[in-house]
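Numbering-wise, the sequence shown is residues 1 to 438 according to the UniProt record's numbering.
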Amino acid sequence: MSAYELEIESVDLEGRGVGHHEEGKVVFVDGALPGERVLVETVRSKNSYDKARTVRRLRSSAQRQQPPCPNFELCGGCVMQHLQPSAQVAVKQRVLEDALKHIGGVSAAMLLPPMHGPYWGYRHRARLSVRHVRKKGGVLVGFRERQGRYVVDMEECLILPPKVSALLRPLRDLLLTLSHPDRFPQIEVSVGSACVALTLRHMEPLTDEDLKKLRAFATQYDIVWWLQPKGPETMHPLNAEDAQRLYYELPDYALKMPFTPADFTQVNPLINQSLIRLALTLLDTQAGERVADLFCGLGNFSLPLARTADAVVGVEGSASLCRRAEQAAVEHDLAHKTSFTPLNLFEVNAEWLRSLGKLDRMLIDPPRDGAMAVSLALSELQPNERPKRIVYVSCSPATLARDAGILVKEGGYRLSKAGVINMFPHTGHVESIAVFDV
């Protein structure tokens, strides 16, 4: 098909402009923005949609900006740097509203103002790919390309903290000197309040000389090494004395939350602090009330909740995270107000929910799969058995919308409020929060 003009109507979460042929067929155009008119060529045609590339922009969007990062055109870490941050958030807000309407068949009585945070240097958790490029005689460390499996040849990354970004070139140089430079598939980045931890995945045993070089690097660049010879359960600090150095602080609640590189923690610590404040404000827990925190992780919400609630019941699928939450509760003199139980929350029912006793309020923070079993269990409770308010924190608009439909249509709840949290600027990830009242 020859080049043709296309009006761009919207943008999807992969940063692609969306338009329609005259006959109505959807066209996705990499890098095009709403309000732009572009001359495009089709690069792939399917029955229900086409993919096209821009030959020339005939009219540019007022919301277009020059991507600050030199890696943007190749790197898969970001897809929206060419769109102004406020417009990125508007896209995510529309995605949330559309999901609630079309998947859940519900709408929020009130839309919360979007939550903004830092747009650069925010990513305190990341997985960097490593690739030994024999033909070039070097090692690449960074994110993978947007449309492929290769690692971007990058010297800096603007969404990583500056200290971590500055390590990309030194890490490349270091790995090349180790005994098996082609046997390091990835490095996990974990930034805490007191240190930067790098977890080196190694497919071959490290030699004494390798360990000596890693220790010298750690001293020179003020980082902590963790090693991972096999699965995540094998992660361990290079130096045993570094095991307790990794933690993040929640200053509003005088909490210090220890974690390991294998544990789930939020990518964006400042947004996490704001999200906790918002969730607790929306939950509005009163003295003397019992609260459930489902998918509680290491107690990110549970321990702040325990500062005001009479009792917090934490449930989490990972036994190791439950132990971490219990330890933190003991350290902060909150053990008498908290309990943590490891349980698969994807297989619960109403009887289990009743076994927890009367719950006044509930916070749910599931992974991308959502909380369908929990929502169905809640919908089967009698009206006088149900928590009077639920705050649901989500990283997937689709599963939140599905569960909202269950809670509203089958459970008798009202979707009082909903809004987006810009946890991952410049990416297509949508974090959101919703409030359900009886």
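C-beta: ideal position from N, C-alpha, C; glycine also.
Please read all numbers here as calculations on a predicted model, not as lab measurements.
{"query": "Looking at residue 421 and residue 110, is the spacing between their C-beta atoms short of 7 Å?", "result": "no"}
{"query": "Between residue 152 and residue 74, is the Cβ-Cβ spacing less than 7 Å?", "result": "yes"}
{"query": "Suppose you measure from the CA of residue 187 to the CA of residue 177; what does that come to, to the nearest Å?", "result": "16 Å"}
{"query": "Is there contact between the segment 278 to 295 and the segment 235 to 248, where contact requires at least three CB pairs shorter than 8 Å?", "result": "no"}
{"query": "Using only CA atoms, which one of 32, 70, 419 lies nearest to residue 63?", "result": "32"}
{"query": "Starting from the C-beta of residue 119, find all residues in its chain whose C-beta is less than 8 Å away, skip the five residues before and the five after it, and write them out in chain order.", "result": "85, 425, 426"}
{"query": "With three or more C-beta pairs closer than 8 Å as the rule, is the segment 204 to 213 touching the segment 146 to 162?", "result": "no"}
{"query": "If we ignore side chains and look at the alpha-carbon of each, how far apart do residue 310 and residue 234 end up?", "result": "38 Å"}
{"query": "I want to know whether the segment 215 to 223 touches the segment 268 to 276 - three or more CB-CB distances under 8 Å.", "result": "no"}
{"query": "Assess contact between the segment 339 to 354 and the segment 368 to 387, defined as three or more Cβ pairs (one per stretch) separated by less than 8 Å. Is contact present?", "result": "yes"}
{"query": "Kindly indicate which three-state DSSP category residue 441 falls into: helix, strand or coil?", "result": "A query on residue 441 cannot be resolved here, the shown segment of the chain reaching from 1 to 438 and no further."}
{"query": "Would you list the one or two residues that DSSP bridges to residue 248?", "result": "257"}
{"query": "Can you find the residues in the same chain that come closer than 6 Å, C-beta to C-beta, to residue 77, ignoring five residues on each side of it along the sequence?", "result": "143"}
{"query": "Pull the bridge partners of residue 41 from the DSSP assignment, please.", "result": "53"}
{"query": "Is it the case that the segment 154 to 173 contacts the segment 121 to 131, given that we only count it when at least three CB pairs across the two stretches are under 8 Å?", "result": "yes"}
{"query": "Which word fits residue 203, buried or exposed, when buried means at least 16 other C-beta atoms lie within 10 angstroms of its C-beta?", "result": "exposed"}
{"query": "How about the segment 358 to 366 and the segment 389 to 403: do they share at least three Cβ pairs that are nearer than 8 Å?", "result": "yes"}
{"query": "Mind checking residue 22: buried by the 16 CB within 10 Å criterion, or exposed?", "result": "exposed"}
{"query": "Could you tell me which of 258, 230, 171 sits nearest to residue 217, measuring between CA atoms?", "result": "171"}
{"query": "Measure the beta-carbon distance from residue 436 to residue 407 and round it to whole angstroms, keeping in mind my assumption that it falls under 8 Å.", "result": "5 Å"}
{"query": "Could you name the residues of the same chain whose beta carbon sits closer than 8 Å to that of residue 372, not counting the 5 residues immediately before and after it, in chain order?", "result": "346, 399, 402, 403, 406"}
{"query": "Between 95, 192, 296, 200, which has its C-alpha nearest residue 174's C-alpha?", "result": "200"}
{"query": "Leaving out five residues before and five after residue 267 in sequence, what residues of the same chain have Cβ atoms less than 7 Å from its Cβ?", "result": "123, 124, 125, 423, 424"}
{"query": "When the Cα atoms are used, what is the spatial distance from residue 91 to residue 214?", "result": "43 Å"}
{"query": "For the segment 97 to 112 against the segment 189 to 196, do three or more pairs of beta-carbon atoms, one drawn from each stretch, fall closer than 8 Å, so that the two count as touching?", "result": "no"}
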